[in-house]
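Mapping of the sequence shown onto the UniProt record's numbering: position 238 corresponds to residue 557, and the numbering continues sequentially without gaps.
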Amino acid sequence: RSKEKGGNSYHYYHPEMNKRSLHRLSLEINLRKALERNEFQVYYQPFVDLLSGQIFGMEALIRWFHPEWGLVSPADFIPLAEETGLIIPIGNWVLKQACFQNKKWQDLGYPAQRVSVNISAIQFHQPQFVQIIEDTLEETGLDPKLLCLEITENVAMTNVPYIIETMQKLRSMGVFISIDDFGTGYSSFSYLKRFRVHTLKIDQSFIRDVTSDDENAAIVTALIAMASQLKIKSLAEGVETKEQLDFLMLKGCDEIQGFIFSKPIPANEFELLLKNNKQLSLL
Ligand code: C2E
Ligand code: MG
Ligand code: MG
Ligand code: MG
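Right under this line is the structure:
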């Protein structure tokens, strides 16, 4: 501590701060090596259609298995990957894995599934983003209709004309687009229409206590109704209980994702769900 220097430098030398910045530095150093060391894996979590109870797609979710630390949660490294720009190579890797894997399932004869890939704002705003998507589809041979890009509301914070143009290009290629974590960021209802997204993913923070909190119930009800009026599919994230499921079905929600059906699982386990044609009981 160097109190005598006064002002901000007191905080700068605070041992806690030091520990935190060391932790961050070590995380960054390890993150830089994780790709070449093959420490990442893609897990898949099914999306279920609430009319049929059947799987119609899945979200690709990255997992980092560090040799010493074990599993590191995306919540702990994605923000750092975004700050450092590492999200570009990491994101491209996830995209390619997800497309390859989905193509493989198609080739094995499973019913068509759409794979959803999370795209950070930094990735989306790269000038060559559309080209990267095109190249990946060509390289993997995946039908563009079987790819969905999940974009959060903060993608839309800047340069709206560019976003509309990019969305339009992606749509004309046949790629699907969903708005992730809807309601937690800079939500603009007019953008939903202007961006012409296919799916609105209602954030799990609203679903968690939807059956006990009247305000969240009202928000979820309104979002489902609005999506339906705009002819956008509604998908509820983080559905864990039968009570939540009943509420969502009553309100006319189209699709769900959550532990009530399956956690995110490795590709080989996901394939078993497809093989066994696992269904959600809607009774
Ligand atoms: P997200 O895109 O909103 O993904 C959904 C998260 O909800 C996942 O967390 C999933 O495991 C979790 N989840 C699903 N169902 C339930 C449930 O019933 N209960 C609970 N408690 N949680 C549920 P995960 O895999 O830890 O990922 C966290 C976030 O990290 C993601 O949120 C996404 O924003 C980011 N992320 C993950 N993979 C990638 C990636 O490849 N690229 C980018 N840019 N971000 C990613
Ligand atoms: Mg997502
Ligand atoms: Mg989400
Ligand atoms: Mg979320």
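We put the CB at the ideal spot given by N, CA and C, even for glycine. The model shown is predicted, which means the values in this text are computed figures rather than measured ones.
Inclusion of D499 in the 7 Å shell around ligand 2 follows from its C-beta lying nearer than that to a non-hydrogen atom of the ligand.
Ligand 2 has a heavy atom closer than 7 Å to the beta-carbon of E469. Residue pairing by DSSP places W412 in no beta bridge whatsoever. The DSSP-derived three-state label of N437 is strand. In this structure W383 does not touch E402 by the C-beta definition: roughly 16 Å separates them, more than the 8 Å allowed. If you compare the alpha carbons of L369, S340, N349 and Q364 with that of L602, the shortest gap goes to L369. The beta carbons of V516 and I496 sit about 5 Å from each other, so the pair counts as a contact at 8 Å. Looking at the DSSP output, G376 bridges to F366 and R433.
A direct Cα-to-Cα measurement between G372 and F366 gives close to 10 Å. Between I483 and F514, the CB-CB gap stays under 8 Å.
Short of 7 Å from the beta carbon of T530, and not among the five residues preceding or following it, lie these beta carbons of its own chain, in chain order: E562, Q563 and F566.
For F495, the enclosing beta strand (DSSP E) stretches over residues F495 to F501. Secondary structure at Q447: coil, using DSSP grouped into helix, strand and coil. Sequence-distant Cβ neighbours of I579 in its own chain, meaning closer than 8 Å and more than five residues away, are V558, E559, T560, K561, Q563, L564 and L599.
Taking C-alpha positions only, E472 is separated from M486 by approximately 13 Å. Between C418 and L466, the beta carbon gap of about 6 Å places them in contact (Cβ cut-off 8 Å). Rounded to the nearest angstrom, the Cβ distance from P585 to Y362 is 6 Å, consistent with a contact under 8 Å.
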